[in-house]
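Trainee: Start counting the sequence shown at 1; every next residue gets the next number (the working numbering).
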Amino acid sequence: MSDIGARLRQARQAAGVSLSAMAARTHYSKSYLGNVETGRRAATVDVVLAYEHALGGDVDRRTLLTGAAAGAVATTAVSELVRRGFAAALGERSSDDDWFGRVEAYGRDYMSVGAADLQARLAGDLVVLQQHLETPLRWGAAARLMTVYGKTMPATGGRRGAVTWYRMAAIAADRSQDSAVRVWVRGRAALALGYEGAALPVARDLAEQALTLSDLPSLGRLNALMAMAQIAAVDGDRSTALTTLDTARRVFDRCGSDDQISDFAVPEWRMATFTSMLLSRLGDPRAVEAQDTADRTRPASLPRFATHIELHRGLMAAKTGDLAGGVDHARRALALLPVQRHSLSLRLMMEEIERAGA
């Protein structure tokens with residue numbers, strides 16, 4: 001049994017949770033978790049964080065799992081980060097255009113690459129970029145990369161959590177001296193939290209900052225408005241949620257994206273996905289139209305986002321009275337998506353559906 005797997009098993013048993021119950025809580029299969037605990041499969045950071053989230057706030061267990069999370073980052077990965085940092089310091093410096101290209105590539109990769117792989121690559125480039133923050137443009141690149149990095153983290157993870165990264169990204173964005181970057185970073189971070197229904201006071205604060213910084217139509221403003229709409233929906237404020245959604249749609253009509261596959265873009269299918277989540281939370285039958293639009297317009301190469309829509313259908317069913325059917329539909333949809341493509345957003349959504357159907 002690997003040391004990390006043993007720690008995970010010890011934490012689970014200390015909490016009095018069976019392997020079957022852990023599988024249900026984390027939405028990994030029982031056999032997969034059993035193989036991780038016995039060392040037959042490697043324990044990824046995603047799995048460790050799923051255990052930590054599932055086992056709650058017990059100090060002893062969380063201390064145990066923090067050690068496991070550190071162990072999940074292999075020595076070779078740390079060595080590679082150090083090597084890349086020194087290679088960058090000793091070698092030819094990348095231009096602003098080079099960094100802009102990397103940022104755009106990460107925006108595309110976020111849509112399809114698993115969180116663990118994306119984390120490792122982003123960490124390497126952030127280590128390098130730290131040494132080259134001589135211009136406002138570099139700070140802008142750093143702010144956008146830090147926002148994407150935060151989206152691979154749990155919202156509540158202490159100093160390693162998404163909220164910490166989003167706040168640092170906002171500071172970096174301010175140093176870019178670019179209003180569009182400042183608004184986008186805050187708006188996107190707010191929407192990430194609002195969509196997940198997590199850290200809502202932080203989401204509200206970031207969204208309000210974005211909306212105050214500029215009233216010009218932009219993707220950042222669109223994200224911030226959708227964040228405020230999601231927050232209202234979670235709070236059960238139907239009127240505010242729908243009014244804010246209408247405002248966001250008017251902004252989308254002016255600045256929606258042609259680019260189909262990037263976290264820095266909001267094309268029609270993605271706006272429909274955000275709308276679907278909002279309306280499903282409200283139990284509004286118009287969610288069906290948004291879901292159909294998302295399925296019709298979304299590129300076929302994005303199965304994770306197809307699963308988002310299926311979970312929205314499960315949430316809609318649960319909210320409108322078919323509690324067991326909604327939960328079952330969502331669980332089956334999540335099970336069809338390969339484990340390596342699962343995301344924290346999907347797991348949190350599954351938990352929201354289960355609460356609605358409780």
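Note that the Cβ used here is the ideal one computed from N, Cα and C, for glycine as well.
Check Leu-65 in the structure and name its three-state DSSP category.
Mentor: Counting from 1 along the sequence shown, the entry for residue 65 is found at position 65. A caution first: Leu-65 carries a pLDDT of 49, below 50, which makes its placement in the model unreliable, though a value can still be read off. It is helical.
Trainee: Rounding to the nearest angstrom, what Cα-Cα distance links His-27 and Asp-98 in this structure?
Mentor: Position 27 of the sequence shown holds residue 27. Position 98 of the sequence shown holds residue 98. Going from the Cα of His-27 to the Cα of Asp-98 covers about 39 Å.
Trainee: So Val-185 and Leu-225 are in contact, right, with Cβ under 8 Å, and what is the actual spacing, rounded?
Mentor: As a working mapping, residue 185 is identified with position 185 in the sequence shown. As a working mapping, residue 225 is identified with position 225 in the sequence shown. The pair is not a contact, with the Cβ atoms about 15 Å apart (cut-off 8 Å).
Trainee: Looking at Gly-256: is its Cβ nearer than 8 Å to the Cβ of Gly-220?
Mentor: Counting from one through the sequence shown, the residue named residue 256 turns up at place 256. Counting from one through the sequence shown, the residue named residue 220 turns up at place 220. Contact: no.
Trainee: CB-CB under 6 Å to Leu-129, same chain, minus the five flanking residues each way: which ones, in chain order?
Mentor: On the sequence shown, residue 129 is found 129 positions in, with the first residue counted as 1. If we look at Leu-129 and ignore the five residues flanking it on each side, its Cβ neighbours are Ala-142.
Trainee: How long is the line joining the alpha carbons of Glu-351 and Thr-135, rounded to whole angstroms?
Mentor: Locating residue 351 in the sequence shown gives position 351, where the first residue counts as 1. Locating residue 135 in the sequence shown gives position 135, where the first residue counts as 1. Cα-Cα distance, rounded: 43 Å.
Trainee: Within its chain, find whatever has a CB closer than 8 Å to the CB of Thr-297; leave out the 5 residues flanking it on each side and keep chain order.
Mentor: As a position in the sequence shown, residue 297 is number 297, starting the count at 1. Closer than 8 Å at Cβ, skipping near neighbours: Pro-267, Glu-268, Trp-269, Ala-272.
Trainee: Ala-330 and Ile-353: beta carbons closer than 8 Å?
Mentor: By one-based count along the sequence shown, residue 330 stands at place 330. By one-based count along the sequence shown, residue 353 stands at place 353. Yes, the Cβ-Cβ distance between Ala-330 and Ile-353 is below 8 Å.
Trainee: Apart from the five residues on each side of it in sequence, which residues of its chain come closer than 6 Å, Cβ to Cβ, to Ala-265?
Mentor: Here the question's residue 265 lines up with position 265 in the sequence shown. The residues are Ser-257, Asp-259.
Trainee: If you draw a straight line from the alpha carbon of Leu-33 to that of Asp-96, how long is it in whole angstroms?
Mentor: On the sequence shown, residue 33 is found 33 positions in, with the first residue counted as 1. On the sequence shown, residue 96 is found 96 positions in, with the first residue counted as 1. C-alpha separation (whole angstroms): 43 Å.
Trainee: According to DSSP, simplified to helix, strand and coil, what is Pro-285?
Mentor: As a working note, residue 285 is residue 285 in the sequence shown. Residue state, collapsed to three classes: coil.
Trainee: Just to check my reading of the structure: Ala-207 and Ala-227 have Cβ atoms closer than 8 Å, yes? What is that Cβ distance to the nearest angstrom?
Mentor: Here residue 207 refers to the residue found at position 207 when the sequence shown is read from its first residue. Here residue 227 refers to the residue found at position 227 when the sequence shown is read from its first residue. Ala-207 to Ala-227, Cβ: 4 Å. Contact.
Trainee: Take the Cβ of Ala-198 as the centre, count every other Cβ of all protein chains shown within 10 Å, and call the residue buried at 16 or more, exposed below.
Mentor: The sequence position of residue 198 within the sequence shown is 198, counting from 1. Result: buried.
Trainee: Reducing DSSP to helix, strand and coil, say where Val-402 ends up.
Mentor: There is no way to answer for residue 402, as the model of the chain reaches only from 1 to 358.
Trainee: Just list the alpha helix (DSSP H) runs in the stretch 238 to 265, keeping only unbroken ones of 4 residues or longer that don't cross its boundaries, in chain order.
Mentor: Here the runs fully enclosed are 238 to 255.
Trainee: Check Ser-280 in the structure and name its three-state DSSP category.
Mentor: Counting from 1 along the sequence shown, the entry for residue 280 is found at position 280. Here Ser-280 sits in helix by DSSP.
Trainee: For the candidate residues Val-202, Asp-205, Leu-279, whose alpha-carbon lies nearest to that of Thr-240?
Mentor: Looking up residue 240 in the sequence shown gives position 240. Of Val-202, Asp-205, Leu-279, the residue nearest in Cα terms is Leu-279.
Trainee: For the alpha helix (DSSP H) containing Met-153, list its first residue and its last residue.
Mentor: Reading the sequence shown from its first residue, position 153 is the one you call residue 153. That residue, Met-153, is in no alpha helix (DSSP H); it is neither H nor E in DSSP.
Trainee: Using a 10 Å radius around the Cβ and a threshold of 16 neighbouring Cβ atoms, would you call Glu-289 buried or exposed?
Mentor: The residue given as residue 289 occupies position 289 in the sequence shown. The residue in question, Glu-289, is exposed, as its Cβ has fewer than 16 Cβ neighbours within 10 Å.
Trainee: Looking only at its chain, what residues have a beta carbon closer than 7 Å to the beta carbon of Gln-209, apart from the 5 residues adjacent to it on each side?
Mentor: Looking up residue 209 in the sequence shown gives position 209. Here the set comprises Arg-186.
Trainee: Hey, how far is the Cα of Leu-211 from the Cα of Val-183?
Mentor: For this step, residue 211 is matched to residue 211 along the sequence shown. For this step, residue 183 is matched to residue 183 along the sequence shown. If you take the alpha carbons of Leu-211 and Val-183, they lie about 7 Å apart.
Trainee: Would you decide whether Ala-365 is buried or exposed? Buried here means 16 or more other CB atoms lie within 10 Å of its CB.
Mentor: Outside the shown range of the chain (1 to 358) lies residue 365, about which nothing can therefore be said.
Trainee: Taking the alpha-carbon of Val-181 as reference, which of Tyr-166, Tyr-195, Gly-194 has the nearest alpha-carbon?
Mentor: Numbered from its first residue, the sequence shown carries residue 181 at position 181. For the residues Tyr-166, Tyr-195, Gly-194, the minimum Cα distance to Val-181 belongs to Tyr-166.
Trainee: Please state whether DSSP places Met-111 in a helix, a strand or coil.
Mentor: The residue you call residue 111 lines up with position 111 of the sequence shown. The answer is coil: DSSP assigns Met-111 none of H, G, I, E or B.
Trainee: Measure the CB-CB distance between Ala-43 and Ile-4 and report whether it falls below 8 Å.
Mentor: Walking along the sequence shown from the start, residue 43 turns up at place 43. Walking along the sequence shown from the start, residue 4 turns up at place 4. Yes; because the gap between Cβ atoms is below 8 Å, this pair is in contact.
Trainee: Taking buried to mean at least 16 other C-beta atoms within 10 Å of its own C-beta, is Gly-321 buried or exposed?
Mentor: Taking the sequence shown and counting its residues from 1, the one referred to as residue 321 is at position 321. Result: exposed.
Trainee: Does Thr-38 pass the burial test, meaning 16 or more other C-beta atoms within 10 Å, or should it be called exposed?
Mentor: Locating residue 38 in the sequence shown gives position 38, counting from the first residue. So Thr-38 counts as exposed.
Trainee: Could you spell out where the alpha helix (DSSP H) holding His-342 opens and where it closes?
Mentor: Locating residue 342 in the sequence shown gives position 342, where the first residue counts as 1. Unbroken run through His-342: none, as it is neither H nor E.
Trainee: With a threshold of 16 other CB atoms inside 10 Å of the CB of Leu-362, please say whether the residue is buried or exposed.
Mentor: As displayed, the chain neither begins before 1 nor continues past 358, which places residue 362 out of reach and without an answer.
Trainee: Going by DSSP in three states, Thr-273 sits in which element: helix, strand or coil?
Mentor: One-based indexing of the sequence shown puts residue 273 at position 273. Thr-273 falls in the helix class under three-state DSSP.
Trainee: Fully enclosed by the stretch 141 to 207, which beta strand (DSSP E) runs are 3 residues long or longer?
Mentor: Runs of the beta strand (DSSP E) inside the stretch 141 to 207: none found.
Trainee: Measure the alpha-carbon distance for Pro-303 versus His-342 and round it to whole angstroms.
Mentor: Position 303 of the sequence shown, counted from the first residue, corresponds to residue 303. Position 342 of the sequence shown, counted from the first residue, corresponds to residue 342. Approximately 10 Å, taken between the alpha carbons.
Trainee: Starting from Leu-219, trace the alpha helix (DSSP H) in both directions and tell me its first and last residue.
Mentor: Taking the first residue of the sequence shown as 1, we reach residue 219 at position 219. 219 to 234 is the span of the alpha helix (DSSP H), which, as asked, contains Leu-219.
Trainee: What three-state label does DSSP hand Ser-20 in the structure shown?
Mentor: One-based indexing of the sequence shown puts residue 20 at position 20. Helix at Ser-20.
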